[in-house]
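Just so you know, the protein sequences line up as chains A and B, in that order. Sequential numbering of the first sequence, starting at 1, is according to our numbering. Sequential numbering of the second sequence, starting at 101, is according to our numbering. Remarks on the structure that follows.
Protein chains: 2
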Amino acid sequence: MSLSQIEYFVAVADQGNVGRAARALRVAQPAVSRQILRLEDELGAELFVRTPRGMTLSRAGVVFLRHARDILAGVRAAADDVRRLDRADG
Amino acid sequence: MSLSQIEYFVAVADQGNVGRAARALRVAQPAVSRQILRLEDELGAELFVRTPRGMTLSRAGVVFLRHARDILAGVRAAADDVRRLDRADG
DNA sequence: TGAGGTTACGCCTATCGTAATAATG
DNA sequence: CATTATTACGATAGGCGTAACCTCA
Chain A
1 MSLSQIEYFV AVADQGNVGR AARALRVAQP AVSRQILRLE DELGAELFVR TPRGMTLSRA
61 GVVFLRHARD ILAGVRAAAD DVRRLDRADG
Chain B
101 MSLSQIEYFV AVADQGNVGR AARALRVAQP AVSRQILRLE DELGAELFVR TPRGMTLSRA
161 GVVFLRHARD ILAGVRAAAD DVRRLDRADG
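Structure (structure tokens):
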């Protein structure tokens, strides 16, 4: 699992389909598709239900999404805190 | 920033030096050294104070360590929850 | 046939390991 | 000189983009 995969996953969950997620991420469609597949493979669970109109979260996906947002928020907080501290006292 | 970098960082913090961390991670010493340097570069802050005996956390490092453990715990929880749910209901 | 997701394939960057190079007590 | 971290360098793996392909209404 990688932070990129988590970011891609959140984008697809938010956008509802891979194409829009890819545009939002400024990346090509297959990059997002592949990373989602890899993530599902590693987790051994389908995070999305594929429909002809796009992808909607599965129950596992709903659970994962909560964690995903926490993890990304944690990463941002970590970087922010370190940078703030470093700016404050060198 | 990558999850590997965060894992390497925690290992060095725990072990007190790069060599032991590398052994614990089953990876060569330079791999760990490089990723720590990259992480510090990206954050714009030194996370460790280098001593001839190893590396000890800087103040920024102490702050980052708390976040790092949270992030890794979040990743584990995300995977565990998804796998448990998937096992429970397919 | 149009909208979407996936697979193939070639390229390019990132990471690794081994080996060599500091630096310090 | 022993211990530890870092840099050099060649090899490999992972990720990307373009293009082709599949599926479904």
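We treat Cβ as the ideally placed atom computed from N, Cα and C, and that holds for glycine.
So what does DSSP say about residue i, is it helix, strand or coil?
i	result
G54/A	strand
For the alpha helix (DSSP H) holding residue i, just list the boundary residues, first then last.
i	result
S133/B	129-143
R23/A	18-25
E7/A	3-15
Can you name the residues of chain B whose CB is closer than 9 Å to the CB of residue i?
i	result
M1/A	L103, V175, A178, A179
Which residues of chain A have a Cβ atom closer than 8 Å to the Cβ of residue i, listed in chain order?
i	result
L125/B	Going along chain A, no residue has its Cβ under 8 Å from L125/B, so there is no contact; the nearest lies around 16 Å.
Establish whether the CB of residue i and some CB of chain A are separated by less than 7 Å.
i	result
I171/B	yes
V163/B	yes
For a cutoff of 7 Å on Cβ pairs, would you count residue i as touching chain B?
i	result
L57/A	no
V82/A	yes
Kindly list, in the order they appear in chain A, the residues whose Cβ is closer than 7 Å to that of residue i.
i	result
D186/B	G44, A45, A60
Using a C-beta to C-beta distance shorter than 8 Å, which residues of chain B count as neighbours of residue i?
i	result
A68/A	A178
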